[in-house]
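**Q** Encoded as structure tokens, here's the structure I'll be asking about.
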Amino acid sequence: MNEVLNSMSRRKFIAIAGGGVVVAAGLGIGANAMRTPTSALKPWQQAGSGYQEPRKRALSYAILAPNPHNRQPWKIDLSSPNTVVLSVDTDRLLPHTDPFNRQITIGLGCFLEVMAMAAAENGYKVDFELFPEGHNDKALDKRPVAICNFQADENVTPDLLFAHVLKRQSLKEPYDLSRLVEAEKLTAIANVGKHSTGIGTNNDKAAVEKMRKITTDAMRLEIETPRTYQESIDLFRIGTAEIEANPDGIDFSGPLFETLGLFGLMSREGVKEKGSAQYEQGVAAVLENTKTAMAHIWQVTQTNTRFDQIATGRDWVRINLAATAQGLGIQPLSQVLQEYIEMEGHYKQVHDLLAPDGGTVQMLARLGYGERVAQSPRWPLEAKIIG
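Numbering of the sequence shown is given in my numbering, commencing with residue 32 and proceeding in unit increments.
As structure tokens, this is what we get:
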């Protein structure tokens, strides 16, 4: 989705540090720099095994679902037996890059799909009533997104993709330019949709190069638009202490970023100052990602209702899991699909290309082979339960 600077390559950003890492070791702060955000990663370890109650067991996987800027915008009410009421946390929206909350709604669809898959593993079927009190197509509000009814069902069929939930990630690193994405793998991924969204793919060299340029230009525009870039910067979590305090947003963890933060070599002020080493290296790293796409995948819906967006999210997480099953990295490139005025030209360009007969391109992502990275931090399930 619209995770801009979360994709800064560790290798590229070393240039900003200069001798900082060596200096840090000399000053004896190596142990501090090696800290990892243990609590923020604990939900990945506790999923399933930490809960016996069927709803909580399923929800412990659902909170790991992909979502824009890792905002984790879910509120969960368990006050009625055998029922989960999902609503959105309106304090966790992205008003500048996602002004109509379309991407947030897609993230909620991802949540619902993972919850249903996890419930099936435990012998439960989940029936959804979406937006039972109505909805606003322009802005999400505090009304329920879904009422989810759990029913024990010995005939429920587990989903094979569920095996990859704990390995799933959005891989925001450069991909291997020497490895092509095989057509048969793209076909396998495109065939996992279940919720009536159109899924398209392409690994043709000329088509991929054209899409690289479009998505690179859109990425650059988001960074160069002050209010949309600031929305990302406000969600930076630099180093373990910040991540543990707020295990959401755009995390920068590990020895390199701990050291950069400690020495002031990475700061919110520095990364937005055009011409600074932090800004230039950060932009170069982000754009390297779009430029190393080896294939693309996208979803189109004929209309653009909240129900379409939920369906998109349910199929998007299936696509993500299927890519994981095929050993591929996948990263959303949602900048070009954003609906703020400065992006209008790029938005039209990608729609003319991917939806020439009409409809809305809901998701677009790059595919390729790359090295796995650490999982994204998460709030514990208990932090999301409101009743």
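Cβ coordinates follow ideal geometry from the N, Cα and C atoms, glycine included.
Assign Val-381 to one of three DSSP states: helix, strand, or coil.
**A** Along the sequence shown, read from residue 1 onward, the residue named residue 381 stands at position 350. Of the three classes helix, strand and coil, the one that applies to Val-381 here is helix, per DSSP.
**Q** Who are the near neighbours of Leu-336 in its chain, counting only those whose CB is closer than 8 Å to its CB and skipping five residues on each side?
**A** The sequence position of residue 336 within the sequence shown is 305, counting from 1. For clarity, residue 336 is Thr in the given sequence; the question names Leu instead. So the qualifying residues of the chain are Asp-168.
**Q** Straight-line CA distance for Arg-349 to Gln-357?
**A** Stepping through the sequence shown from its first residue, residue 349 is reached at position 318. Stepping through the sequence shown from its first residue, residue 357 is reached at position 326. Taking the straight line joining both Cα atoms gives about 12 Å.
**Q** Can you tell me whether Trp-347 is helix, strand or coil according to DSSP?
**A** In the sequence shown, the residue the question calls residue 347 occupies position 316. Reduced to three states, the DSSP call for Trp-347 is helix.
**Q** Secondary structure at Thr-188, three-state DSSP: helix, strand or coil?
**A** For the purposes of this step, residue 188 is taken as the residue at position 157 of the sequence shown. Note: Thr-188 maps to coil in three-state DSSP.
**Q** Which residue wins for smallest C-alpha separation from Thr-232, given the options Ala-354, Gln-406 and Pro-85?
**A** As a working note, residue 232 is residue 201 in the sequence shown. It is Ala-354.
**Q** What separation, rounded to the nearest whole angstrom, lies between the Cα atoms of Asp-172 and Val-302?
**A** On the sequence shown, residue 172 is found 141 positions in, with the first residue counted as 1. On the sequence shown, residue 302 is found 271 positions in, with the first residue counted as 1. When rounded, the distance between both Cα atoms is 33 Å.
**Q** Using only the alpha-carbon positions, how far apart do Arg-258 and Val-157 sit?
**A** For the purposes of this step, residue 258 is identified with residue 227 of the sequence shown, where counting begins at 1. For the purposes of this step, residue 157 is identified with residue 126 of the sequence shown, where counting begins at 1. So the two alpha carbons sit approximately 40 Å from each other.
**Q** With a Cβ-Cβ cutoff of 8 Å, do Thr-121 and Ala-151 count as a contact?
**A** Looking up residue 121 in the sequence shown gives position 90. Looking up residue 151 in the sequence shown gives position 120. Not closer than 8 Å, so no.
**Q** Taking three-plus beta-carbon pairs below 8 Å as touching, is the stretch 137-147 in contact with the stretch 80-93?
**A** The answer is yes - the stretch 80-93 touches the stretch 137-147, with three or more Cβ pairs under 8 Å.
**Q** Along the chain, where does the alpha helix (DSSP H) containing Asp-248 start, and where does it finish?
**A** Here the question's residue 248 lines up with position 217 in the sequence shown. Residues 236-255.
**Q** Buried or exposed: where does Asp-388 fall if 16 or more other Cβ atoms within 10 Å of its Cβ makes it buried?
**A** Residue 388 sits at position 357 when you count from the first residue of the sequence shown. Exposed, by the Cβ-count rule.
**Q** Tell me Arg-397's beta-bridge partners as DSSP assigns them.
**A** The count along the sequence shown starts at 1 and reaches residue 397 at position 366. The beta-bridge partner set that DSSP reports for Arg-397 consists of His-327 and Gln-362.
**Q** In the structure shown, what three-state DSSP assignment does Val-145 receive?
**A** Here residue 145 corresponds to residue number 114 of the sequence shown, with the count starting at 1. It is helical.
**Q** Phe-193 by DSSP, collapsed to three states: which one?
**A** By 1-based counting over the sequence shown, the position of residue 193 is 162. In the structure shown, Phe-193 sits in a helix (DSSP, three-state: H, G or I).
**Q** What do you reckon, are the CB atoms on Ile-94 and Gly-344 nearer than 8 Å?
**A** Looking up residue 94 in the sequence shown gives position 63. Looking up residue 344 in the sequence shown gives position 313. Not in contact: Ile-94 and Gly-344 (Cβ atoms no closer than 8 Å).
**Q** For Pro-218, which residues in the same chain have their Cβ closer than 7 Å to its Cβ, ignoring the five residues on either side in sequence?
**A** Within the sequence shown, numbered from 1, the residue matching residue 218 stands at position 187. The identity of residue 218 in the sequence shown is Thr, whereas the question assumes Pro. So the list is empty, once near-sequence residues are dropped.
**Q** How is Leu-412 classed by DSSP in three states: helix, strand or coil?
**A** Walking along the sequence shown from the start, residue 412 turns up at place 381. Of the three classes helix, strand and coil, the one that applies to Leu-412 here is helix, per DSSP.
**Q** Can you give me the Cβ contacts of Val-331 inside the same chain, cut-off strictly under 6 Å, excluding the 5 residues immediately before and after it?
**A** In the sequence shown, the residue the question calls residue 331 occupies position 300. Cβ neighbours of Val-331 beyond the five flanking positions: Gly-229, Ala-386, Gly-390 and Val-392.
**Q** In the structure shown, what three-state DSSP assignment does Thr-67 receive?
**A** By one-based count along the sequence shown, residue 67 stands at place 36. Coil, per DSSP.
**Q** With Glu-160 as the anchor, note down where its beta strand (DSSP E) starts and where it stops.
**A** The count along the sequence shown starts at 1 and reaches residue 160 at position 129. Glu-160 -> beta strand (DSSP E) spans 155-161.
**Q** The beta strand (DSSP E) spanning Phe-288 covers which residue range?
**A** Residue numbering aside, residue 288 sits at position 257 when the sequence shown is read from its first letter. Looking at the DSSP string, Phe-288 is not in any beta strand (DSSP E); the run it does join, the alpha helix (DSSP H), is 286-293.
**Q** Which residue comes first and which comes last in the beta strand (DSSP E) that contains Gly-231?
**A** Reading the sequence shown from its first residue, position 200 is the one you call residue 231. From DSSP, the beta strand (DSSP E) with Gly-231 extends over 229-233.
**Q** Name the DSSP bridge partner or partners of Asp-339?
**A** Along the sequence shown, one-based indexing puts residue 339 at 308. Answer is none; Asp-339 lacks a bridge partner.
**Q** Using 8 Å as the threshold, is the stretch 175-190 in touch with the stretch 110-119, meaning 3 or more CB pairs across them?
**A** yes
**Q** With distance defined between alpha-carbon atoms, name the residue in Phe-283, Glu-253, Val-119 and Lys-236 nearest to Leu-266.
**A** The count along the sequence shown starts at 1 and reaches residue 266 at position 235. If we check each option's Cα against that of Leu-266, Phe-283 comes out closest.
**Q** Whose C-beta lies closer than 6 Å to the C-beta of Arg-403 among residues of the same chain, with five residues either side of it excluded?
**A** The sequence position of residue 403 within the sequence shown is 372, counting from 1. Excluding positions up to five away in sequence, the list is empty.
**Q** Give the DSSP bridge partners of Glu-131, in chain order.
**A** Taking the sequence shown and counting its residues from 1, one reaches residue 131 at position 100. The amino acid occupying residue 131 in the given sequence is Phe; Glu does not appear at that position. For Phe-131, which the question treats as bridged, DSSP gives no partner whatsoever.
**Q** How many Å lie between Ile-274 and Pro-68 at the Cα?
**A** The sequence position of residue 274 within the sequence shown is 243, counting from 1. The sequence position of residue 68 within the sequence shown is 37, counting from 1. For Ile-274 and Pro-68, the distance between alpha carbons rounds to 7 Å.
**Q** State whether the stretch 158-165 contacts the stretch 96-107, with contact taken as three or more CB pairs (one from each stretch) at a distance under 8 Å.
**A** Fewer than three pairs of CB atoms, one per stretch, sit closer than 8 Å, so the stretch 158-165 makes no contact with the stretch 96-107.
**Q** Output yes or no for whether 8 Å exceeds the beta carbon distance between Glu-253 and Gln-366.
**A** Working through the sequence shown from its first residue, we reach residue 253 at position 222. Working through the sequence shown from its first residue, we reach residue 366 at position 335. Contact: yes.
**Q** For the alpha helix (DSSP H) containing Ala-315, name the first residue and the last one.
**A** As a working mapping, residue 315 is identified with position 284 in the sequence shown. Counting along the chain, Ala-315 sits inside the alpha helix (DSSP H) bounded by residues 308-322.
**Q** Tell me which residues share the same chain as Ala-221 and place their Cβ nearer than 6 Å to its Cβ, disregarding the 5 neighbours each side in the sequence.
**A** Taking the first residue of the sequence shown as 1, we reach residue 221 at position 190. Excluding sequence neighbours, Ala-221 sits near Ile-230 and Thr-232.
**Q** In angstroms, rounded to a whole number, what distance separates the CA positions of Ile-264 and Gly-360?
**A** One-based indexing of the sequence shown puts residue 264 at position 233. One-based indexing of the sequence shown puts residue 360 at position 329. Taking the straight line joining both Cα atoms gives about 25 Å.
**Q** Which two residues bound the contiguous alpha helix (DSSP H) that contains Thr-271?
**A** Start at 1 with the first residue of the sequence shown, and residue 271 comes out as number 240. Unbroken alpha helix (DSSP H) run through Thr-271: 271-276.
**Q** If you follow the beta strand (DSSP E) that Lys-216 is part of, which residue opens it and which one closes it?
**A** Taking the sequence shown and counting its residues from 1, the one referred to as residue 216 is at position 185. Element bounds for Lys-216: not the beta strand (DSSP E) but the alpha helix (DSSP H), 214-221.
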